[in-house]
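Enquirer: Quick one: structure below, then a few questions.
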Amino acid sequence: MIGKLYLVATPIGNLEDITLRALRILKEVDFIIAEDTRHTLKLLNHFEITKPLISYYKQIEKKKSPLLIEKLLEGKNIAIVSDAGTPGISDPGEEIVKKAIQNHIEVIPIPGACAFVNALIASGFSTKEFCFIGFLSAVKKEKKEKLESLQYETRTIILYEAPHKLKDTLTCILSILGNRNIVLAREITKIHEEFIRDKVENILDNLEEVRGEFVILIEGNVTSKEDKVLLDLNEKTLEEHYSFYENQGLDKKEIIKRIAKDRNTTKNEIYQYFLQKQ
Ligand code: SAM
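79 is the number that numbering that gives the first Met the number 0 gives to position 80 of the sequence shown; each next residue is one higher, with no gaps.
See the structure below:
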């Protein structure tokens, strides 16, 4: 029988957040693959679990996955853990999961802590729809382009950030997305857990020395991309508005219908306007 791959979530600070199932799986598997074996060893020691550990981090994911798949195919059960939280979420996991699925190996998630989920539910922002970005690129141009692409995002935006980059990222958010409401979810589940809820400009003004781990949540834009197009169109002349739809290949009847809808008026009014112009 071939083995199973377990994706085991571990605490993001408070060790009480490990689940009973996670502990049982970590005790039962043949190996644990871990992002930082020294870090995971501390967790295992705390729960008196002795298990062979294999190092598995982002830079060696592709190279090491075939060996791990071999072990799974030989019948070994493997658990993957990251330094904190849920594997595969801004952490190694995706690569081995894809390979396991290709090899018809069962992949079993063992749920638990995840920083962004807990930041979101306590943020006070909409939890109905959200957009998880994870870490922005370290390359300035890519970071800027990503934020620009989020300008008209109406869903709650969630970012991960390292403390030494927090100030720069908040500054970029202010200049690209504007003075939005944001929440900094800091040190979740730890002693200094804190939720800072304010406009990004106020947060920047009061930002002292930054320590700990952060999730940045940005309130979605009230204006969607479609709203923006409409706002721009309604500021144009009726002729320009007409040309906009004409260039999309629409016929006269449809164009008049759409302009009337956009401008919250009647089709007859628009029709009369163009009739008089003739
Ligand atoms: N896999 C993890 C998860 O499930 O959340 C995320 C790992 S990612 C490498 C680390 C980032 O997650 C940190 O830079 C920070 O943005 C966020 N994070 C992790 N633990 C946190 C905590 N206790 N409080 C706030 N943010 C945390």
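All C-beta atoms in this analysis are idealised placements derived from N, C-alpha and C, irrespective of residue type, glycine included.
Say whether chain B places a C-beta atom closer than 8 Å to the C-beta of E234.
Expert: Of the chains in the structure shown, none is chain B; there is only one protein chain.
Enquirer: For the ligand SAM, I want to know if S81 counts as a neighbour, meaning its beta carbon is within less than 7 Å of at least one of the ligand's heavy atoms.
Expert: Yes, since a heavy atom of the ligand SAM falls inside the 7 Å radius drawn around the Cβ of S81.
Enquirer: Taking 7 Å as the cut-off, is the C-beta of Y159 nearer than that to any heavy atom in the ligand SAM?
Expert: Y159 Cβ: within cutoff of the ligand SAM.
Enquirer: Tell me, to the nearest whole angstrom, how far the beta carbon of V214 is from that of K166; I am working on the premise that it is less than 8 Å.
Expert: The Cβ separation is near 16 Å, so there is no contact.
Enquirer: Give me, in chain order, the residues of the same chain whose beta-carbon lies closer than 7 Å to that of L67; leave out the 5 immediate sequence neighbours on both sides.
Expert: These residues qualify, in order along the chain: I32, I77 and I95.
Enquirer: Please name the residue, chosen from L158, H103 and E27, that lies closest to F129 on a Cα-to-Cα basis.
Expert: When each option's Cα is compared against that of F129, the closest is L158.
Enquirer: Can you look up I210 in the DSSP assignment and give me helix, strand or coil?
Expert: It should be noted that the sequence gives Arg, not Ile, for residue 210. The answer is coil: DSSP assigns R210 none of H, G, I, E or B.
Enquirer: Return the chain-ordered list of same chain residues with a C-beta closer than 6 Å to the C-beta of A83, the five sequence neighbours on each side being excluded.
Expert: Contacts found: I11.
Enquirer: Need the endpoints of the alpha helix (DSSP H) that S174 sits in, please.
Expert: L165 to L176 is the extent of the alpha helix (DSSP H) around S174.
Enquirer: Identify the residues that DSSP records as bridge partners of F194: which are they?
Expert: F194 is bridged to A184.
Enquirer: Among N201, L173, E212 and R196, which residue has its Cα nearest to the Cα of T188?
Expert: Of the listed residues, the one whose Cα sits closest to T188 is E212.
Enquirer: Mind pulling the beta strand (DSSP E) runs of 3 or more residues that sit fully within the segment 11 to 79?
Expert: Taking only runs of at least 3 residues, the beta strand (DSSP E) segments lying wholly in the segment 11 to 79 are 30 to 33 and 52 to 54.
Enquirer: Report yes if the CB atom of L176 is closer than 8 Å to the CB atom of L146, and no otherwise.
Expert: Contact flag set, yes.
Enquirer: Suppose the cutoff is 7 Å on Cβ atoms and the five residues either side in sequence are ignored; what does the same chain contact list for E193 look like?
Expert: Excluding sequence neighbours, E193 sits near R185 and E186.
Enquirer: Which residue wins for smallest C-alpha separation from K227, given the options M0, V80 and T153?
Expert: The shortest C-alpha separation from K227 is found at T153.
Enquirer: Could you give the DSSP three-state label for P162: helix, strand or coil?
Expert: Note: P162 maps to helix in three-state DSSP.
Enquirer: Which residue from I53, F115 and L149 puts its Cα closest to that of R179?
Expert: With distances taken between Cα atoms, R179 lies closest to L149.
Enquirer: Give the secondary structure of F273 by DSSP, where H, G and I count as helix, E and B as strand, and everything else as coil.
Expert: Reduced to three states, the DSSP call for F273 is helix.
Enquirer: Given T85, which residues of its chain have a CB within under 6 Å of its CB, disregarding the five upstream and five downstream residues?
Expert: Cβ within range, chain order: A8 and C113.
Enquirer: Buried or exposed for A161, going by 16 or more other Cβ atoms inside 10 Å?
Expert: Classification for A161: exposed.
Enquirer: Does the ligand SAM have even one heavy atom less than 7 Å from the beta-carbon of V214?
Expert: Answer for V214: yes, Cβ within range of the ligand SAM.
Enquirer: At a cut-off of 7 Å, would you count G2 as near the ligand SAM, judging by its Cβ distance to the nearest heavy atom?
Expert: Flag unset: Cβ of G2 not near the ligand SAM.
Enquirer: Kindly give me the distance between the Cβ atoms of E34 and P91, rounded to whole angstroms, as I take these residues to be in contact under 8 Å.
Expert: Yes, they are in contact, since the Cβ atoms of E34 and P91 sit about 6 Å apart, within 8 Å.
Enquirer: Does DSSP classify Y244 as helix, strand or coil?
Expert: Of the three classes helix, strand and coil, the one that applies to Y244 here is helix, per DSSP.
Enquirer: Is L232 closer than 8 Å to D197 when the C-beta atoms are compared?
Expert: Not closer than 8 Å, so no.
Enquirer: Rounded to whole angstroms, what's the CA-CA distance from E218 to H38? Just pull it up for me.
Expert: For E218 and H38, the distance between alpha carbons rounds to 34 Å.
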